[in-house]
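Heads up: the structure comes next, in structure tokens.
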Amino acid sequence: MTHSQPSRRDFGRMLGVMGLAAAVPTLAGGCGTQAVRAGTRAATATRTWRVSGSAGTGLGGFDTAIKTLMQARNIPSGSLAVMRKGKLILARGYTWSDDTTLSVQPTSLFRLGSLSKAITATAVMRLVQDGRLSLSAPVTSLIDMTPPTGTTADPRLGQVTVRRLLQHLGGWDRDITPDPTYEDRKIATTLGVPLPIGKADMVKYGAGLPLDHAPGSTYAYSNYGYLLLGQIVEKVSGTAYATYVQQKVLTPLGITRNRPGKSLRTGAATGEVPYYSQYTGPSVFDAAGTTVSTPYGSFNVENRTAMGGWLTSAVDHVKFTQIFDLTTTVLTKTSVDAMFAQPETGLNADGYYYGFGWMVRDVTGGQNTWHDGSLPGTTTIVTRRFDGITWAVLFDQRDDPSGLVYDYNSISAPLHSVANAMTTWPTVDLFGQYL
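The sequence shown begins at 1 in the UniProt record's numbering and counts up one residue at a time.
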């Protein structure tokens with residue numbers, strides 16, 4: 001096996017859990033769009049701290065850690081769920097706001113960002129497990145990859161397989177060629193279609209781009225690759241992507257709150273938190289490019305479901321991770337092992353790599369797996385430790401005037417500190433309170 005050092009900043013910024021990988025520097029931008037500074041949203045002395053939900057005895061350190069993170073950054077809405085060996089031991093909603101109508105609950109919905117990729121990868125593996133899809137199938141044999149008129153597809157496109165899409169080895173590198181999933185206005189002009197564009201428009205435009213690397217040769221984080229995977233799920237299953245996910249992935253777990261997110265405030269789901277940013281950008285929903293707050297219309301959430309557009313609660317997302325603990329009927333051990341297997345290339349110098357929708361690090365006693373998500377107005381992380389402790393953290397903000405970072409290291413480190421200091425864990429299981 002040959003190994004190359006991943007260059008994608010989202011890969012680099014995630015450290016292995018339990019202190020088993022070195023922290024690395026981060027770059028601004030995350031998974032979202034470029035935007036223009038709109039002036040700061042003033043902090044206010046009238047904010048109040050409110051906590052909802054339940055927790056087992058002795059877990060107050062988690063509340064304190066989240067309170068410190070949120071108050072330092074003036075994050076209005078947060079949620080944390082902690083699971084240990086299949087039991088939900090903490091389910092919290094946190095509010096730090098002067099808006100008395102805002103009351104975050106453990107079941108409040110947040111945009112999930114790139115944690116959505118694990119949901120898509122699970123749907124793909126279910127199709128593979130059921131004998132309906134092969135990991136070695138070329139993307140060109142599964143969906144229409146006809147490039148725009150006047151362009152020619154890269155001759156290496158036929159080497160882009162389902163497995164390589166899942167592991168970000170398809171050859172697209174947004175550090176070289178701009179991420180086509182954020183090129184709405186350019187795509188509309190190139191294809192001669194009106195805004196807002198659709199997923200098929202993104203696929204077609206991307207099919208005409210030259211690959212930045214030979215498929216399978218270089219790890220480069222690719223939202224476009226997971227857009228293609230969502231389209232593959234639709235084509236192979238014969239049903240809408242979100243419908244297939246609900247039927248085959250979520251319903252067996254009793255998860256009913258998840259749904260595809262919407263871009264505009266008017267499309268907010270019942271129970272969904274508001275999103276905040278200090279930046280504005282041009283809308284991708286009208287030709288004039290109306291200036292909007294970046295979380296609401298500077299990018300198209302509806303097009304991002306498979307790569308970053310799901311809504312979920314922290315409670316439901318830790319429940320989703322039970323699939324990988326082999327306590328559900330969704331995936332077999334063979335399927336989960338395939339998802340966490342080392343790729344043909346892309347092993348990080350610190351010993352971790354990208355599996356199928358998860359970062360993975362082999363450690364004594366098992367594997368640590370994790371991921372983060374970042375969009376304008378969204379910061380999310382999920383962590384599965386080899387010792388059976390899992391948590392999901394969801395925030396409704398990813399920037400503020402403090403200049404403090406919102407990366408995986410910064411959000412996760414204080415939670416690891418709390419977990420590492422625990423000597424006795426509660427045996428309560430709160431899942432029954434949040435059906």
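Cβ coordinates follow ideal geometry from the N, Cα and C atoms, glycine included.
- Taking the Cα positions, Ser402 is about 42 Å away from Ala240.
- Two segments are said to touch when three or more pairs of C-beta atoms, one from each, lie closer than 8 Å; by this definition the segment 419–433 touches the segment 84–96.
- Between Ala207 and Thr146, the gap from beta carbon to beta carbon is short of 8 Å.
- In the displayed model, Ser410 falls within a helix according to three-state DSSP.
- For Gly261, the number of other beta carbons within 10 angstroms of its own is at least 16, and it is reported as buried.
- With 16 or more other Cβ atoms inside 10 Å of its own Cβ, Trp310 counts as buried.
- Counting C-beta pairs closer than 8 Å gives fewer than three between the segment 141–156 and the segment 310–320, which falls short of the contact rule.
- Check the Cα spacing between Met125 and each of Thr334, Ser410, Gly158 and Pro274: the tightest is with Thr334.
- Residue Ser417 holds the alpha-carbon nearest to the alpha-carbon of Gly61 among Leu435, Gln433, Ile187 and Ser417.
- Pairing Met202 with Phe299, the inter-Cα distance amounts to about 13 Å.
- Residues Arg259, Pro260 and Thr305 of the same chain have their beta carbon placed closer than 8 Å to that of Ala242, with the five preceding and five following residues left out of the count.
- The straight-line gap separating the alpha-carbon atoms of Arg164 and Val51 is approximately 43 Å.
- Contact annotation: Leu375 and Gly113 have beta-carbon atoms nearer than 8 Å.
- Taking C-alpha positions only, Leu157 is separated from Ala268 by approximately 38 Å.
- Excluding sequence positions up to five before and after Pro252, its CB lies within less than 8 Å of the CB of Thr328, Thr329 and Val330, all in the same chain and listed in chain order.
- DSSP lists Pro282 as the bridge partner or partners of Thr291.
- If the five residues before and after Met83 are omitted, its C-beta is found closer than 6 Å to the C-beta atoms of Val318 and Thr390, all from its own chain and listed in chain order.
- Going by DSSP, His317 is part of the alpha helix (DSSP H) stretching over Ala314 to Phe320.
- Excluding the 5 residues flanking it on each side, Gly365 has same chain C-beta neighbours closer than 8 Å at Phe386 and Asp387, in chain order.
- Residues of the same chain with a CB within less than 7 Å of the CB of Ala65, apart from the 5 flanking positions on each side, are Pro414, Leu415 and Val418 in chain order.
- The straight-line gap separating the alpha-carbon atoms of Ser116 and Asp407 is approximately 17 Å.
- Under DSSP, the beta-bridge partners assigned to Gln397 are Tyr276.
- Residue range Gly60 to Arg73 is occupied by the alpha helix (DSSP H) that includes Ile66.
- Of the residues Val162, Asp184 and Asp396, the one whose Cα lies closest to the Cα of Leu127 is Val162.
- Every candidate beta strand (DSSP E) stretch fails here, since none sits fully inside the segment 162–229 while reaching 3 residues.
- Counting C-beta pairs with one atom in each stretch, the segment 271–289 and the segment 223–240 have fewer than three that are closer than 8 Å, which means they do not touch.
- Boundaries of the alpha helix (DSSP H) around Lys333: Lys333 to Met339.
- Gly355 is positioned such that its CB atom lies closer than 8 Å to that of Gln167.
- One Cα belongs to Pro155, the other to Asp396, and the distance between them is close to 42 Å.
- With respect to the 8 Å criterion, Trp370 and Thr379 are not classified as neighbours on the basis of their beta carbons.
- Secondary structure note for Leu375: its beta strand (DSSP E) is the uninterrupted segment Gly366 to Leu375.
- For Tyr224, the CB contacts under 6 Å within the same chain, skipping 5 residues up- and downstream, are Trp172, Pro180, Thr181 and Gly206 in chain order.
- The beta-bridge partner set that DSSP reports for Ile381 consists of Asp372 and Val393.
- Counting along the chain, Arg132 sits inside no beta strand (DSSP E), nor does DSSP assign it H or E at all.
- Contact between Val245 and Ala118 does not hold, since their C-beta atoms are separated by about 11 Å, which reaches or exceeds 8 Å.
- By alpha-carbon distance to Leu80, the top candidate from Ala72, Ser283, Tyr94 and Asn409 is Tyr94.
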